[in-house]
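**Q** There's a structure below that I have some questions on.
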Amino acid sequence: MKISATLRTDRLRPGAVLSGVFSGEEKNGANAFQDKAVKNFVLGLAKARRFSGKENGLFFTGVPGEAKNGILISGLGEKKKFSADKLRKLGSALYSKLNDLKFENASVELDTLTGNKVSSPEAAAALVEGIRLREYRFDHYKSKDDKNGKQDTLKEIILAISDRKVLEAVSKELGMAEVVVESANFTRRLGDEPANVMTARRLADDARKMARETGLRCRILDEKQIRALKMGGLLSVAQGSKEPPRFIILEHRGAAGQPVVLVGKGICFDSGGISLKPAGGMDLMRYDMCGGAAVIGILRAAAKLKLKQHVVGLVPACENLPSETPQRPGDIQRTLSGKTVEVLNTDAEGRLILCDALTYAHRYKPRVIIDLATLTGACVATFGDVCMGMMGNDAGLLKMIQKAGYETGEKCWELPLWEEYGEMVKSPVADLKNIGGKYAGTITAGKFLEAFVDDFPWCHLDIAGVAWRESPAYYAKSGATGAGVRLIVRYLRNLAKHS
Ligand code: BES
Ligand code: ZN
Ligand code: ZN
14 MKISATLRTD RLRPGAVLSG VFSGEEKNGA NAFQDKAVKN FVLGLAKARR
64 FSGKENGLFF TGVPGEAKNG ILISGLGEKK KFSADKLRKL GSALYSKLND
114 LKFENASVEL DTLTGNKVSS PEAAAALVEG IRLREYRFDH YKSKDDKNGK
164 QDTLKEIILA ISDRKVLEAV SKELGMAEVV VESANFTRRL GDEPANVMTA
214 RRLADDARKM ARETGLRCRI LDEKQIRALK MGGLLSVAQG SKEPPRFIIL
264 EHRGAAGQPV VLVGKGICFD SGGISLKPAG GMDLMRYDMC GGAAVIGILR
314 AAAKLKLKQH VVGLVPACEN LPSETPQRPG DIQRTLSGKT VEVLNTDAEG
364 RLILCDALTY AHRYKPRVII DLATLTGACV ATFGDVCMGM MGNDAGLLKM
414 IQKAGYETGE KCWELPLWEE YGEMVKSPVA DLKNIGGKYA GTITAGKFLE
464 AFVDDFPWCH LDIAGVAWRE SPAYYAKSGA TGAGVRLIVR YLRNLAKHS
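As numbered in the numbering used here, the sequence shown has no gaps in its residue numbers, which increase by one up to the final residue, 512.
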């Protein structure tokens with residue numbers, strides 16, 4: 014489906030036309046329509062209170078005398094509470110409504126969707142994100158005549174804008190938003206593939222293929238190289254599976270200087286290992302590589318947007334299984350850093366592979382390190398699917414991530430890394446143990462990682478609650494959400510503005 018921006022005309026465009034109205038401004042709903050007859054028609058509907066400016070109402074009506082046309086009016090709620098995120102939700106609702114109504118063409122009166130600091134370019138970007146996130150499907154394993162739901166009919170959406178200058182700015186932002194959301198959907202696909210397909214080798218192959226297409230540098234370390242490096246954490250988790258591990262390195266050199274290094278947890282399946290998880294819901298642990306998938310998607314976007322930033326992505330990838338050769342509870346491992354870890358629970362495997370990647374990140378003398386990981390069930394218990402857990406050692410960095418979170422709707426909330434929590438991951442026989450006590454599981458996991466980051470500015474994002482959904486909500490369907498991609502790309506763009 015095509016989405017483009019164009020100057021608005023007096024004629025009613027073919028297909029459905031969307032206009033937004035704020036609460037209390039219902040009569041303005043007619044102003045979006047130049048055609049006199051249509052304008053009067055909509056005014057009549059407003060006076061009869063057939064639609065309202067209250068949020069979430071997507072009102073549809075045919076147009077008298079124009080059998081192939083339709084009008085959609087979206088209630089935007091109070092103007093002073095209007096936000097880009099509401100437009101993402103609207104984009105998503107609009108896309109499904111237009112397909113339900115079997116339209117092939119639609120246009121959006123973009124001027125009616127701005128206000129309360131949401132500019133036209135921002136409005137366009139948010140709308141496009143909502144539309145594309147809803148358009149995404151993961152149904153290629155289904156036979157043609159058995160696809161989930163109906164086939165989508167929509168072929169084109171036009172964003173109509175009255176001002177030529179504004180149109181230019183909108184077109185530019187629209188193009189960027191398309192790349193970013195396409196990258197988020199790329200990440201979702203990696204996450205949605207089942208674990209028998211999306212192995213560490215396959216993840217590496219897909220990353221390499223994407224790198225070739227986008228001009229990223231790519232290096233994949235195989236098991237032998239990982240062993241030669243002495244990444245004891247990654248190897249200890251991988252040793253229970255016949256599937257060999259991979260260490261994926263992607264690099265976008267959009268500028269000279271120290272890079273932002275991104276690290277993503279790439280556990281292709283997390284059974285828990287010998288500390289086996291219960292059967293119920295274990296299938297969801299195919300999503301345990303979503304942090305890694307996000308890093309790959311972010312690098313894709315950085316390359317395609319030609320961001321003037323030096324960005325490196327590191328993804329340790331393997332599978333956590335019990336077998337004849339698994340890691341046992343009580344084993345002590347020497348990590349790449351030289352620090353030793355007592356593995357008291359083989360299900361706390363994410364930190365074991367991440368610590369080696371964090372140590373590896375030091376080679377780049379990073380300006381900033383950000384890791385993304387579906388790390389703890391405790392984070393899901395704390396934040397549900399509403400926000401990510403955020404921890405780190407640099408207030409300025411965390412502030413910037415949180416700001417990007419509000420801008421993209423990918424919210425982050427800080428948890429403290431106080432000393433007391435550090436005591437909980439000290440081991441009597443090794444430098445660290447891989448589990449804390451009964452409580453504060455998200456923070457003790459963060460504390461464990463912190464031991465591997467020296468003094469570099471670092472931010473840890475626990476995306477366990479937001480990386481996938483079990484049921485559709487807002488603009489995310491069920492399945493992988495691409496969490497972190499829009500967030501970190503926004504952070505990188507904001508960073509470029511600041512430096
Ligand atoms: N991948 C899981 C965390 C997870 C759980 C993500 C549920 C999303 C939903 C992680 O490897 C894990 O198993 N963590 C353990 C740690 C514990 C053993 C200290 C957990 O959270 O239970
Ligand atoms: Zn686990
Ligand atoms: Zn895990």
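Ideal Cβ placement from N, Cα and C applies to all residues, glycine included.
In the DSSP assignment, what residue or residues form a beta bridge with A386?
**A** Reading the sequence shown from its first residue, position 373 is the one you call residue 386. Answer is D475, bridged to A386.
**Q** Could you tell me which residues DSSP puts in a beta bridge with Q346?
**A** For the purposes of this step, residue 346 is taken as the residue at position 333 of the sequence shown. According to DSSP, which records beta bridges pairwise, Q346 is partnered with V354.
**Q** In terms of DSSP beta bridges, what is K446 paired with?
**A** What you label residue 446 is simply residue 433 of the sequence shown in a count that begins at 1. Paired residues: E355.
**Q** Taking one C-beta from the segment 96 to 114 and one from the segment 138 to 148 each time, how about it: are there three or more such pairs within less than 8 Å?
**A** At 8 Å Cβ cutoff, the stretches touch.
**Q** Give me, in chain order, the residues of the same chain whose beta-carbon lies closer than 7 Å to that of L440; leave out the 5 immediate sequence neighbours on both sides.
**A** Here residue 440 refers to the residue found at position 427 of the sequence shown. The residue asked about is misnamed: residue 440 is Ser in this sequence, not Leu. Excluding sequence neighbours, S440 sits near E355, K446.
**Q** Would you call K378 buried or exposed, if buried means 16 or more other Cβ atoms sit within 10 Å of its Cβ?
**A** By 1-based counting over the sequence shown, the position of residue 378 is 365. By the neighbour-count rule (16 or more Cβ atoms within 10 Å), K378 is not buried but exposed.
**Q** Using 8 Å as the cut-off, can you tell me whether the segment 323 to 341 makes contact with the segment 406 to 421, which would need three or more C-beta pairs spanning the two stretches below that distance?
**A** These segments do not touch.
**Q** If you draw a straight line from the C-alpha of P291 to the C-alpha of R299, how long is it?
**A** On the sequence shown, position 278 is the one that residue 291 refers to. On the sequence shown, position 286 is the one that residue 299 refers to. Their Cα atoms are separated by approximately 15 Å.
**Q** Give me the Cβ distance between G363 and K243, rounded to the nearest whole Å; I'm assuming they're in contact under 8 Å.
**A** Residue mapping note: residue 363 aligns to position 350 of the sequence shown, counting from 1. Residue mapping note: residue 243 aligns to position 230 of the sequence shown, counting from 1. That belief does not hold up - the Cβ atoms of G363 and K243 are roughly 20 Å apart, past 8 Å.
**Q** Taking the DSSP output, what are the residues bridged to P335?
**A** Against the sequence shown, residue 335 aligns to sequence position 322. Beta-bridge pairing links P335 to no other residue.
**Q** Taking the alpha-carbon of G253 as reference, which of I287, E181, A509, T387 has the nearest alpha-carbon?
**A** Taking the sequence shown and counting its residues from 1, the one referred to as residue 253 is at position 240. Comparing Cα-Cα distances from G253 to each of I287, E181, A509, T387, the minimum goes to I287.
**Q** Between the segment 476 to 494 and the segment 381 to 400, do three or more beta carbon pairs fall short of 8 Å?
**A** A contact exists between the segment 476 to 494 and the segment 381 to 400.
**Q** With burial defined as no fewer than 16 other Cβ atoms inside 10 Å of the residue's Cβ, what is the status of G204: buried or exposed?
**A** Walking along the sequence shown from the start, residue 204 turns up at place 191. So G204 ends up on the buried side.
**Q** Is it the case that the CB of T494 approaches a heavy atom of ligand 1 more closely than 8 Å?
**A** The residue labelled residue 494 in the question sits at position 481 within the sequence shown. No, Cβ of T494 sits at least 8 Å from all heavy atoms of ligand 1.
**Q** Give the secondary structure of M298 by DSSP, where H, G and I count as helix, E and B as strand, and everything else as coil.
**A** The residue labelled residue 298 in the question sits at position 285 within the sequence shown. The answer is helix: DSSP assigns M298 an H, G or I state.
**Q** Since A18 and L187 are thought to touch, with beta carbons under 8 Å apart, how far apart are those beta carbons, to the nearest angstrom?
**A** Stepping through the sequence shown from its first residue, residue 18 is reached at position 5. Stepping through the sequence shown from its first residue, residue 187 is reached at position 174. Contact flag correct, Cβ pair sits at about 6 Å.
**Q** Measure the alpha-carbon distance for T125 versus M413 and round it to whole angstroms.
**A** Locating residue 125 in the sequence shown gives position 112, where the first residue counts as 1. Locating residue 413 in the sequence shown gives position 400, where the first residue counts as 1. Going from the Cα of T125 to the Cα of M413 covers about 30 Å.
**Q** Which word fits S512, buried or exposed, when buried means at least 16 other C-beta atoms lie within 10 angstroms of its C-beta?
**A** As a first step, residue 512 must be located in the sequence shown, where it is residue number 499. Exposed: under 16 other Cβ atoms inside 10 Å.
**Q** Can you tell me the Cα-Cα spacing of L58 and G83, whole angstroms?
**A** The sequence position of residue 58 within the sequence shown is 45, counting from 1. The sequence position of residue 83 within the sequence shown is 70, counting from 1. Cα-Cα distance, rounded: 14 Å.
**Q** What first and last residue would you give for the beta strand (DSSP E) that runs through H265?
**A** Position 252 of the sequence shown, counted from the start, is the residue given in the question as residue 265. That run of the beta strand (DSSP E) goes 259 to 266.
**Q** Would you check if the segment 69 to 76 and the segment 193 to 201 touch, i.e. whether three or more CB-CB distances between them fall below 8 Å?
**A** Cβ pair count under 8 Å is below three, so no.
**Q** So, for L513: in the same chain, excluding its five sequence neighbours on each side, which residues have a beta-carbon less than 6 Å away from its beta-carbon?
**A** It is not possible to answer for residue 513, since the shown part of the chain is limited to 14 through 512.
**Q** C368: which of L275, L312, G495 sits nearest, CA to CA?
**A** To locate residue 368, count along the sequence shown from 1; it is residue 355. When each option's Cα is compared against that of C368, the closest is L275.
**Q** Under a Cβ-count criterion, where at least 16 other Cβ atoms within 10 Å of its own Cβ denotes burial, should Y154 be classed as buried or exposed?
**A** Taking the sequence shown and counting its residues from 1, one reaches residue 154 at position 141. So Y154 counts as exposed.
**Q** Ligand 3 and L388: does the residue's C-beta get closer than 8 Å to at least one heavy atom of that ligand?
**A** Mapped onto the sequence shown, residue 388 falls at position 375. For ligand 3, at least one heavy atom lies less than 8 Å from the Cβ of L388.
**Q** For ligand 3, I want to know if G422 counts as a neighbour, meaning its beta carbon is within less than 8 Å of at least one of the ligand's heavy atoms.
**A** Along the sequence shown, one-based indexing puts residue 422 at 409. False, no ligand heavy atom lies under 8 Å from that Cβ.
**Q** If the criterion is Cβ atoms closer than 9 Å, does the pair G310 and G128 meet it?
**A** For the purposes of this step, residue 310 is taken as the residue at position 297 of the sequence shown. For the purposes of this step, residue 128 is taken as the residue at position 115 of the sequence shown. Cβ atoms of G310 and G128: not closer than 9 Å.
**Q** Measuring CA to CA, which of K15, P470, R24 is closest to Q271?
**A** Position 258 of the sequence shown, counted from the first residue, corresponds to residue 271. When only C-alpha atoms are compared, the closest one is P470.
**Q** Quick check on the burial criterion: 16 or more other C-beta atoms within 10 angstroms. Buried or exposed for T421?
**A** Within the sequence shown, the letter at position 408 stands for residue 421. T421 should be labelled buried.
**Q** Can the beta-carbon of C281 be found closer than 9 Å to that of C331?
**A** Residue 281 sits at position 268 when you count from the first residue of the sequence shown. Residue 331 sits at position 318 when you count from the first residue of the sequence shown. Yes, Cβ-Cβ distance for C281 and C331 is below 9 Å.
**Q** Measure the alpha-carbon distance for A458 versus F396 and round it to whole angstroms.
**A** As a working note, residue 458 is residue 445 in the sequence shown. As a working note, residue 396 is residue 383 in the sequence shown. The straight-line gap from Cα to Cα measures roughly 16 Å.
**Q** Look at the Cβ atom of K40, then the Cβ atom of L56, and state whether they are nearer than 9 Å.
**A** For this step, residue 40 is matched to residue 27 along the sequence shown. For this step, residue 56 is matched to residue 43 along the sequence shown. In contact: K40 and L56 (Cβ atoms closer than 9 Å).
**Q** Can you tell me whether R376 is buried or exposed, with buried defined as 16 or more other CB within 10 angstroms of its CB?
**A** Indexing the sequence shown from 1 puts residue 376 at position 363. Per the 10 Å Cβ criterion, exposed.
**Q** Give every residue of the same chain whose Cβ lies closer than 7 Å to the Cβ of A217, excluding the five residues on either side of it in the sequence, and list them in chain order.
**A** Against the sequence shown, residue 217 aligns to sequence position 204. Contacts found: I233, R259, I261, A330.
**Q** Assuming T353 and I345 make a contact with CB atoms under 8 Å, what is their CB distance in whole Å?
**A** Translated into positions along the sequence shown, residue 353 becomes position 340. Translated into positions along the sequence shown, residue 345 becomes position 332. The Cβ separation is near 6 Å, so the contact holds.
**Q** Could you give the DSSP three-state label for A136: helix, strand or coil?
**A** The residue you call residue 136 lines up with position 123 of the sequence shown. In this structure, A136 counts as helix in the three-state DSSP scheme.
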